[in-house]
Amino acid sequence: MALLVQKFGGTSVADPDRIREVADHVLRCRRRGDDVVLVVSAMGKETDELLRLASEVSDVRPGREMDMLITAGERKAVALMSMALAAVGIEAESYTGSQAGFVTDTNHTNAKILEVRAERVKEAIEAGRVPVVAGSQGMSTARDVTFLGRGGSDTTAVALASALGADACELYTDVSGVFTTDPRVVSTARKMHRISFDEMLEMTAAGCPKPAMRSVEYAHRQRVPLHVRSAFTWEPGTWVTEEDPDMEQAVIRAVVADLSEAKVTVTGVPDRPGIAANLFRRLADADVNVDMIVQNVAEGGITDISFTVPHADLDRALEICEAKRAEIGATSVEADHEIGKVSVIGAGMKSNPGVAATMFETLADNGINIEMISTSAIRISCVIAEDQTDRAVQVLHDVFELDKTEF
Ligand code: ADP
Ligand code: ASP
Ligand code: MG
């Protein structure tokens with residue numbers, strides 16, 4: 000008998016049939032003798048719909064009101080899920096994030112969990128009920144409703160699993176696990192049975208949407224075993240766990256694409272100490288999330304600096320760069336919206352030289368120009384043109400033979 004926290008994403012609870020299927024699944028788990036706690040996302044595309052509504056109503060969107068609005072999506076889903084459970088004879092009880100004991104900071108629209116006071120949820124389990132907790136939300140230290148950000152339901156589930164000492168945190172989604180690359184882009188992508196936290200973290204940092212990055216960080220810190228699996232076929236999925244030192248490390252395990260960033264280039268920058276420091280300090284102070292940075296070799300005391308930022312931060316970044324340009328007499332500030340970042344990830348690259356060379360040769364052989372490069376110990380990322388990203392993912396997946404490897 001196990002205690003399982005089971006989280007269901009938007010597509011997994013998109014309509015009444017899906018909700019009833021989840022209820023049937025919970026019934027099967029309970030018959031097997033397991034205790035279940037559910038965490039549920041908003042149905043289908045509801046979060047996007049609420050965000051769209053807000054933008055149609057007003058240009059003024061205070062974080063406090065946005066959080067009150069967005070969290071309504073999950074609240075609706077937990078009530079319906081509890082009713083579906085009642086219909087199959089399971090006593091269930093829905094909870095908002097606040098009722099489930101999620102205390103957060105006051106950073107609206109992207110709040111961080113400070114503490115989970117899970118007593119109420121524990122009591123419900125002990126009484127034989129199934130708690131159904133609204134994902135991605137809590138109550139701030141100022142007693143306002145907060146939203147944990149996009150994909151935050153994964154983090155809710157992990158935090159709850161940790162607070163309850165659950166045997167596993169199961170993230171049910173619309174694919175059957177973590178794949179060697181997005182199975183919707185490359186049909187030969189393979190499901191991994193197991194992946195280490197380190198590799199999973201690099202994959203999510205490189206742009207893999209599943210599981211949400213903060214949830215992987217939390218699970219790693221709190222040693223919560225994660226199981227990413229399908230809410231459609233119910234087959235076993237991918238376990239994210241500590242690295243097994245006895246296991247042979249694959250050189251490359253995954254290829255990840257990210258289309259969420261834009262590139263900014265400041266040209267004709269005087270090459271003297273302090274310029275980059277000051278520019279990036281200002282960007283940081285304005286909460287601009289800078290990812291890759293490249294500075295060219297200076298010629299005649301002048302250089303170019305390029306960096307990437309999420310599309311959402313681009314306007315702020317451009318404003319700051321323009322002010323800096325005028326101040327230091329740089330030539331221009333340019334933005335490129337149409338970039339893609341493609342990354343290869345694998346712990347085995349630490350002890351296998353030649354991965355970068357193979358990656359660059361493969362892109363070159365396919366006429367794909369590399370605009371920027373960055374690396375970590377177990378990841379190599381290249382910025383390329385957006386419209387070549389799918390092809391780049393495909394050829395890299397092929398060259399590293401990820402379609403043939405058993406993980
Ligand atoms: P949920 O809403 O269930 O939390 P998401 O929609 O956020 O799930 O993420 C699931 C999606 O992630 C899948 O539909 C899949 O297309 C995409 N995806 C991208 N890369 C991968 C990968 N390497 N492995 C699995 N899924 C991936
Ligand atoms: N519904 C929210 C979102 O789409 C939270 C979540 O699903 O994790 O981002
Ligand atoms: Mg999601």
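First residue of the sequence shown: 0, per numbering that gives the first Met the number 0; consecutive thereafter. Ideal Cβ positions, reconstructed from N, Cα and C, are used throughout, including at glycine.
Over the uninterrupted alpha helix (DSSP H) stretch that includes residue i, give me the two end residues.
i	result
M212	M212 to Q221
G137	Here G137 belongs to no alpha helix (DSSP H); instead the beta strand (DSSP E) covers Q136 to S139.
Q294	Premise fails: Q294 lies in the beta strand (DSSP E), I292 to Q294, not in any alpha helix (DSSP H).
R63	G62 to A86
H24	P15 to R30
D312	Counting along the chain, D312 falls outside any alpha helix (DSSP H), and DSSP gives it neither H nor E.
R51	E45 to V56
D33	Counting along the chain, D33 falls outside any alpha helix (DSSP H), and DSSP gives it neither H nor E.
V354	V354 to D364
D104	Taken as a continuous stretch (DSSP letters only), D104 belongs to no alpha helix (DSSP H), as it is neither H nor E.
Please classify residue i as buried or exposed, where buried requires at least 16 other C-beta atoms within 10 Å of its C-beta.
i	result
S54	exposed
L52	exposed
A99	buried
E122	exposed
V268	buried
I292	exposed
K6	buried
G127	exposed
K349	exposed
Name the two residues that bound the continuous beta strand (DSSP E) containing residue i.
i	result
F414	Outside the shown range of the chain (0 to 406) lies residue 414, about which nothing can therefore be said.
A261	E260 to P269
E169	A167 to T172
R228	L225 to S229
E92	A91 to Y94
K340	I338 to I344
S161	Run containing S161: none in the beta strand (DSSP E); it sits in the alpha helix (DSSP H), G151 to L163.
D257	A253 to D257
L418	Not covered by the structure: residue 418. The range shown for the chain is 0 to 406.
T237	T237 to T240
A99	Where A99 is concerned, there is no enclosing beta strand (DSSP E), given that its DSSP letter is neither H nor E.
E41	Note on residue identity: the sequence assigns Ala, not Glu, to residue 41. Unbroken run through A41: none, as it is neither H nor E.
S350	Premise fails: S350 is in no beta strand (DSSP E) and is neither H nor E.
E400	Where E400 is concerned, there is no enclosing beta strand (DSSP E), given that its DSSP letter is neither H nor E.
E234	First-last for E234: undefined, no H or E at that position.
A334	S331 to D335
To the nearest angstrom, report how far apart residue i and residue j are at their CA atoms.
i	j	result
S161	S373	34 Å
I327	H310	26 Å
D335	C28	50 Å
I301	S375	28 Å
V227	V56	37 Å
A204	M212	7 Å
T264	G9	37 Å
A85	Q393	46 Å
W233	P15	18 Å
A230	A249	28 Å
H107	M67	10 Å
I69	G96	13 Å
F101	E169	19 Å
V184	T140	42 Å
E90	D23	13 Å
I274	I304	10 Å
A285	R315	8 Å
Is residue i helix, strand or coil when you go by DSSP?
i	result
L200	helix
T374	strand
R319	The sequence given here places Ile at residue 319; Arg does not occur at that position. Three-state result, I319: helix.
I124	helix
I367	coil
K190	strand
E118	helix
T302	strand
E385	helix
V59	coil
L395	helix
A205	coil
A133	strand
T145	strand
S195	strand
S175	coil
What distance in whole Å lies between the Cβ atoms of residue j and residue i, which are believed to be in contact at a cut-off of 8 Å?
i	j	result
D389	T187	About 13 Å; that fails the 8 Å criterion.
L26	A167	In fact, because the Cβ distance is near 19 Å, the residues do not count as touching under 8 Å.
H396	T237	About 17 Å; that fails the 8 Å criterion.
R281	K323	7 Å
I'd like to know whether the C-beta of residue i is nearer than 8 Å to at least one C-beta of chain E.
i	result
G72	This model lacks chain E altogether; it includes just one protein chain.
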